[in-house]
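Have a look at the structure below before the remarks.
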Amino acid sequence: MITAGIDIGSITAKAAVVEDGNVLGTKVIFTGYNVETAARKVYGELLAELGLPADAVERVVATGYGRNGVPFADKAMTEIICHAAGAHHLMPEVRTVIDIGGQDSKAMAVDHKGAVRDFVMNDKCAAGTGRFLEVMARALEVNLDDFGNQSLLAPAPAKISSICTVFAESEVISLISRGEPRENIIAGIHDAVAARVYAMAQRIKADPPIMMTGGVAKNQGVVKALERRFGSPISTHELAQVNGAIGAAVLASGI
Amino acid sequence: MSAADSEKPRKFRAAKRMREIMTEYYIEAKGAGSTGKKVAWITSGGPVEPLIAMDVIPVYPENYGAMIGASHMGGDLCAKAEAMGYSTDLCSYARADIACARENGGPIGGLPKPDMLICCNNICGTVLKWYETHARYFDVPLFIFDTPFCHTEFPDIARKYVHRQLDEYVAFLEEACGRPFDLEKSSEVGRRSLEGQRLWQEVLDTAAHRPAPMTAFDAFFFLALIVTLRGTQVVVDFYRELLSEMRERIEQGVWAIPNERFRLLWDNLPVWYRLKWLSDTFASHDACLVADTYTTAWCGSMKYIDENDFFGSMAEAYTRIYLNIGVDEMAKTIFSMIDKYQVDGLVMHSNRSCKPYSFGQYDIMRMVQEEKGIPCMIIESHMTDERSFSESQTLTRIEAFMEMIRQRKGLRS
Chain V
1 MITAGIDIGS ITAKAAVVED GNVLGTKVIF TGYNVETAAR KVYGELLAEL GLPADAVERV
61 VATGYGRNGV PFADKAMTEI ICHAAGAHHL MPEVRTVIDI GGQDSKAMAV DHKGAVRDFV
121 MNDKCAAGTG RFLEVMARAL EVNLDDFGNQ SLLAPAPAKI SSICTVFAES EVISLISRGE
181 PRENIIAGIH DAVAARVYAM AQRIKADPPI MMTGGVAKNQ GVVKALERRF GSPISTHELA
241 QVNGAIGAAV LASGI
Chain F
1001 MSAADSEKPR KFRAAKRMRE IMTEYYIEAK GAGSTGKKVA WITSGGPVEP LIAMDVIPVY
1061 PENYGAMIGA SHMGGDLCAK AEAMGYSTDL CSYARADIAC ARENGGPIGG LPKPDMLICC
1121 NNICGTVLKW YETHARYFDV PLFIFDTPFC HTEFPDIARK YVHRQLDEYV AFLEEACGRP
1181 FDLEKSSEVG RRSLEGQRLW QEVLDTAAHR PAPMTAFDAF FFLALIVTLR GTQVVVDFYR
1241 ELLSEMRERI EQGVWAIPNE RFRLLWDNLP VWYRLKWLSD TFASHDACLV ADTYTTAWCG
1301 SMKYIDENDF FGSMAEAYTR IYLNIGVDEM AKTIFSMIDK YQVDGLVMHS NRSCKPYSFG
1361 QYDIMRMVQE EKGIPCMIIE SHMTDERSFS ESQTLTRIEA FMEMIRQRKG LRS
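If you read the protein sequences in the order shown, they are chains V and F.
This note's numbering puts the first residue of the first sequence at 1, with every later residue one more than the last.
This note's numbering puts the first residue of the second sequence at 1001, with every later residue one more than the last.
The structure is reproduced here in structure tokens:
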């Protein structure tokens, strides 16, 4: 059976097509202003790349904050259950999933079947999210894709104590004006994100193995900072950013 | 959409009667100036019975706070208080009420001016500064009824300390009203207060029936009378009527959620400006909030009341209320409610406004998961400040919570 998952996040829209457990293809575009347009576009382009007609796909599940704005989906499910299902699909031994997306971060405890045992989400504040990193990258004039690797070169990470994005930005600016090396500031920012996410994840029983999903999983600086906090390795997957869409496609086969 | 979605829940007959009683109550309070009756502003957990016995009209800024929240006026009023210099971290009832007192801007054109203020700190510490502010502004006497925190027990020294304040309270009222306290009348008020609390508990107990004839959202509505007018006959008569309506619903098979599949327990105050949205959202999952710790608080310390000596025993009853006990004691109350109402999950409102209620919730949540093995979720907001609520985040949490419950029960999501 061929199924699809569409994950509409605050920054990017993702699509995945799965056939009997095998990921046939994935696609990521910017969400932009219109959720439905983004959903149709990312899905249409992926089907075209795979050379699949729309009717070859038996069921579609939408997820992410824009999940209820995808009219062609058979069902909407939360990103929490989809990320858990996706992570379980990519790495069945995973017991904790940490997902840091554009506007929120969450941690999920997952059982041996990929079902969510417990979850916790950040509050409304943007600290500890992809948006926080975006704001900081802009303040430091660094391309977001280079952000992670730059911090790995830091000799002495700076200390960012504010947990609020706005206050942290002014803290970063004062560090810049004091001549703090850029790498140290970036490493400090990653550590601040990791500290916040780690504290949040403590509210659930975050057992290893831990996997990180969502767009921020591409940032090795955050992954390493989280590993230091948790004191255990954190797996990522090349499909981490589209993990929610994969989970949605996997769950679509069971509805 | 199932067929049940189109079935509108039947309205409660008692709702109309309650609105009438509340309207009459506020008309009387607002007209106190012309009838010569005194008005006392009192905290929601405060000992109101002596006021009723002295024929003083009790007025509750917190009940008013709920009205402000439900009429979506909280955000503007809180912003006004912030402009006056009050912190955004302060309780949204306090902010909205302080702004209203100065501006007369809220629902029903503001509360009637107080002749005296009665502040009992069994619910929180914020009320002390809140009422002191009012005392300075209105230039009226303030009585502070100080109830020591009871981690596990109520030692003799605390009993004596609180008891002595009851004597001082009576003296304060005699002075403020210019007449002696009537002991005979006060024991009659005490008897009616206890009767009202018993009936309110019985009303809430009807939701133990599967399916439930009422939800916590109904309880949030019907709560107003046991808070504001306990000790009066009208409250006793009203809850007797409401109880018979609940029993009638059970007999006739009228359920709050027509296809009740999941039963949930709510913790903390309601999100007043989102009652309908929350109620509809849970109902769309066939989930019924069958009970809550909040409305139960107005009958939760009945076990300490001696019906033959209400005034002698009220020191203990007013001190050992839900918000004035330790986290372990609170958890025990929640455990017993989970069993009594056969609950599948716990919804905790982490209410930035109410620190004593929200403090310890994460610990209680862990205890519930370990002891009862049911899933829990957290909703974050200020109960009366709609600017603090994020709909999409809350919706994601509720939907994920319901998916988790279904997965646990082995149901298809």
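No residue lacks a Cβ here, since even glycine has one placed at the ideal position from N, Cα and C.
CB-CB length for residue 248 of chain V against residue 62 of chain V, believed under 8 Å:
For the purposes of this step, residue 248 of chain V is taken as the residue at position 248 of the first sequence. For the purposes of this step, residue 62 of chain V is taken as the residue at position 62 of the first sequence. So it is a contact: roughly 7 Å between Cβ atoms.
Could you check the C-alpha separation between residue 19 of chain V and residue 64 of chain V for me, to the nearest Å?
Position 19 of the first sequence, counting from 1, holds the residue named residue 19 of chain V. Position 64 of the first sequence, counting from 1, holds the residue named residue 64 of chain V. If you take the alpha carbons of residue 19 of chain V and residue 64 of chain V, they lie about 21 Å apart.
Starting from the C-beta of residue 1051 of chain F, find all residues in its chain whose C-beta is less than 6 Å away, skip the five residues before and the five after it, and write them out in chain order.
As a working mapping, residue 1051 of chain F is identified with position 51 in the second sequence. Around residue 1051 of chain F: 1040, 1058.
To which residues does DSSP link residue 1381 of chain F through a beta bridge?
Indexing the second sequence from 1 puts residue 1381 of chain F at position 381. F:1351, per the DSSP bridge assignment.
In this structure, does DSSP put residue 1047 of chain F in helix, strand or coil?
By 1-based counting over the second sequence, the position of residue 1047 of chain F is 47. If DSSP states are grouped into helix, strand and coil, residue 1047 of chain F belongs with coil.
Here's the rule I'm using: 16 or more other beta-carbon atoms within 10 Å means buried, otherwise exposed. How should residue 1336 of chain F be labelled?
As a first step, residue 1336 of chain F is located in the second sequence; it is residue number 336 there, counting from the start. Per the 10 Å Cβ criterion, exposed.
Chain F contact for residue 12 of chain V (CB, 8 Å cutoff)
Position 12 of the first sequence holds residue 12 of chain V. It does not: the Cβ of residue 12 of chain V has no partner Cβ on chain F nearer than 8 Å.
Have a look at V:177, V:219, V:228, V:122 and flag the residue whose alpha-carbon is nearest the alpha-carbon of residue 146 of chain V.
The sequence position of residue 146 of chain V within the first sequence is 146, counting from 1. For the residues V:177, V:219, V:228, V:122, the minimum Cα distance to residue 146 of chain V belongs to V:219.
I need the DSSP call for residue 177 of chain V, collapsed to helix, strand or coil.
Counting from 1 along the first sequence, the entry for residue 177 of chain V is found at position 177. Residue state, collapsed to three classes: helix.
Taking contact to mean 3 or more Cβ pairs, one atom from each stretch, closer than 8 Å, check whether the segment 1360–1376 of chain F and the segment 1323–1339 of chain F are in contact.
In short, these stretches touch, since the Cβ pair count reaches three.
Tell me, which residues are paired with residue 1267 of chain F by DSSP?
Working through the second sequence from its first residue, we reach residue 1267 of chain F at position 267. The partner list for residue 1267 of chain F (beta bridge, DSSP) reads F:1348.
Looking only at DSSP bridge pairs, what is residue 1237 of chain F linked to?
Position 237 of the second sequence, counted from the first residue, corresponds to residue 1237 of chain F. Per DSSP, residue 1237 of chain F has no beta bridge partner at all.
Go through its chain and collect everything with a Cβ distance to residue 128 of chain V's Cβ below 6 Å, but skip five positions before and after it.
Mapped onto the first sequence, residue 128 of chain V falls at position 128. Taken in chain order, the residues that qualify are 105, 122, 193, 196, 197.
For residue 1094 of chain F, which of F:1129, F:1121, F:1169, F:1252 has the nearest alpha-carbon?
Residue numbering aside, residue 1094 of chain F sits at position 94 when the second sequence is read from its first letter. Ranking F:1129, F:1121, F:1169, F:1252 by Cα distance to residue 1094 of chain F puts F:1129 first.
By the 7 Å beta-carbon criterion, what residues does the segment 202–218 of chain V contribute toward chain F?
Among the residues of the segment 202–218 of chain V, those with a Cβ less than 7 Å away from any Cβ of chain F are 203, in the order of the chain.
Can you list the beta strand (DSSP E) stretches of 3 or more residues lying completely in the segment 58–141 of chain V, in chain order?
Fully contained in the segment 58–141 of chain V are the following beta strand (DSSP E) runs of length 3 or more, in chain order: 59–63, 96–100, 105–110, 116–121.
Would you identify the three-state DSSP class for residue 1117 of chain F, choosing helix, strand or coil?
Against the second sequence, residue 1117 of chain F aligns to sequence position 117. When DSSP states are grouped into helix, strand and coil, residue 1117 of chain F belongs to the strand group.
Residues of the segment 1385–1406 of chain F with Cβ closer than 7 Å to any Cβ of chain V, in chain order:
If the cut-off is 7 Å between Cβ atoms, the segment 1385–1406 of chain F has 1390, 1392, 1393, 1396, 1397, 1399, 1400, 1403, 1404 near chain V.
Using only CA atoms, which one of V:32, V:31, V:96, V:100 lies nearest to residue 214 of chain V?
Counted from its first residue, the first sequence places residue 214 of chain V at position 214. Nearest in C-alpha terms to residue 214 of chain V, of all of V:32, V:31, V:96, V:100, is V:100.
To the nearest whole angstrom, what separates the beta carbons of residue 1135 of chain F and residue 1204 of chain F, a pair I think is in contact under 8 Å?
Here residue 1135 of chain F is taken as the residue at index 135 of the second sequence, counted from 1. Here residue 1204 of chain F is taken as the residue at index 204 of the second sequence, counted from 1. In fact, because the Cβ distance is near 35 Å, the residues do not count as touching under 8 Å.
Based on Cα-Cα distance, which residue from F:1276, F:1320, F:1033, F:1383 lies nearest to residue 1113 of chain F?
If you number the second sequence from 1, residue 1113 of chain F lands on position 113. When each option's Cα is compared against that of residue 1113 of chain F, the closest is F:1033.
Let's test the definition: count the other Cβ atoms within 10 Å of the Cβ of residue 1005 of chain F and tell me whether it reaches 16, buried, or not, exposed.
Taking the second sequence and counting its residues from 1, the one referred to as residue 1005 of chain F is at position 5. In this prediction, residue 1005 of chain F scores a pLDDT of 46, lower than 50, which makes its location untrustworthy; no coordinate-derived value is stated.
C-alpha gap between residue 1192 of chain F and residue 1330 of chain F, whole angstroms
For the purposes of this step, residue 1192 of chain F is identified with residue 192 of the second sequence, where counting begins at 1. For the purposes of this step, residue 1330 of chain F is identified with residue 330 of the second sequence, where counting begins at 1. Distance between the alpha carbons of residue 1192 of chain F and residue 1330 of chain F is about 27 Å.
For residue 1021 of chain F, name the three-state secondary structure that DSSP assigns.
The sequence position of residue 1021 of chain F within the second sequence is 21, counting from 1. Three-state DSSP puts residue 1021 of chain F in a helix.
Rounded distance between the beta-carbons of residue 1388 of chain F and residue 1352 of chain F, thought under 8 Å:
As a working note, residue 1352 of chain F is residue 352 in the second sequence. As a working note, residue 1388 of chain F is residue 388 in the second sequence. With 8 Å as the limit, residue 1352 of chain F and residue 1388 of chain F qualify as a contact, their Cβ atoms being about 6 Å apart.
If you compare alpha carbons, which of F:1411, F:1262, F:1075, F:1396 is closest to residue 119 of chain V?
Counting from one through the first sequence, the residue named residue 119 of chain V turns up at place 119. Distances from the alpha-carbon of residue 119 of chain V to those of F:1411, F:1262, F:1075, F:1396 put F:1396 closest.
In or out: residue 1342 of chain F buried (at least 16 other Cβ within 10 Å) or exposed?
For the purposes of this step, residue 1342 of chain F is identified with residue 342 of the second sequence, where counting begins at 1. Counting other Cβ atoms within 10 Å of its Cβ, residue 1342 of chain F stays below 16 and is therefore classed as exposed.
Return helix, strand or coil for residue 1259 of chain F, following the three-state DSSP convention.
By one-based count along the second sequence, residue 1259 of chain F stands at place 259. In the three-state reduction of the DSSP assignment, residue 1259 of chain F falls in the coil class, being assigned neither a helical nor a strand state.
Close beta carbons around residue 1223 of chain F, own chain, < 6 Å, minus the five adjacent residues each side:
Start at 1 with the first residue of the second sequence, and residue 1223 of chain F comes out as number 223. Hits under 6 Å: 1295.
Threshold first: 4 residues or longer. Then list the alpha helix (DSSP H) segments lying entirely within the segment 1077–1126 of chain F, N to C.
Correct list: 1092–1103.
For chain V, check one thing: does any of its Cβ atoms lie closer than 8 Å to the Cβ of residue 1082 of chain F?
Numbered from its first residue, the second sequence carries residue 1082 of chain F at position 82. Interface criterion not met: the Cβ of residue 1082 of chain F is under 8 Å from no Cβ in chain V.
CA-CA distance, residue 1161 of chain F and residue 1255 of chain F?
Position 161 of the second sequence holds residue 1161 of chain F. Position 255 of the second sequence holds residue 1255 of chain F. Roughly 47 Å separates the two Cα atoms.
Who pairs with residue 235 of chain V in a beta bridge, going by DSSP?
Locating residue 235 of chain V in the first sequence gives position 235, where the first residue counts as 1. The bridge partners DSSP lists for residue 235 of chain V are V:211.
Would the beta-carbon of residue 1218 of chain F fall within 8 Å of that of residue 1259 of chain F?
If you number the second sequence from 1, residue 1218 of chain F lands on position 218. If you number the second sequence from 1, residue 1259 of chain F lands on position 259. If you check the CB distance, residue 1218 of chain F and residue 1259 of chain F do not come in under 8 Å.
Suppose you measure from the CA of residue 1399 of chain F to the CA of residue 1380 of chain F; what does that come to, to the nearest Å?
Here residue 1399 of chain F corresponds to residue number 399 of the second sequence, with the count starting at 1. Here residue 1380 of chain F corresponds to residue number 380 of the second sequence, with the count starting at 1. Going by the C-alpha atoms only, they are around 15 Å apart.
Report the residues of the segment 1342–1370 of chain F with a CB closer than 9 Å to any CB of chain V, ordered along the chain.
Result list: 1350, 1362, 1365, 1366, 1369.
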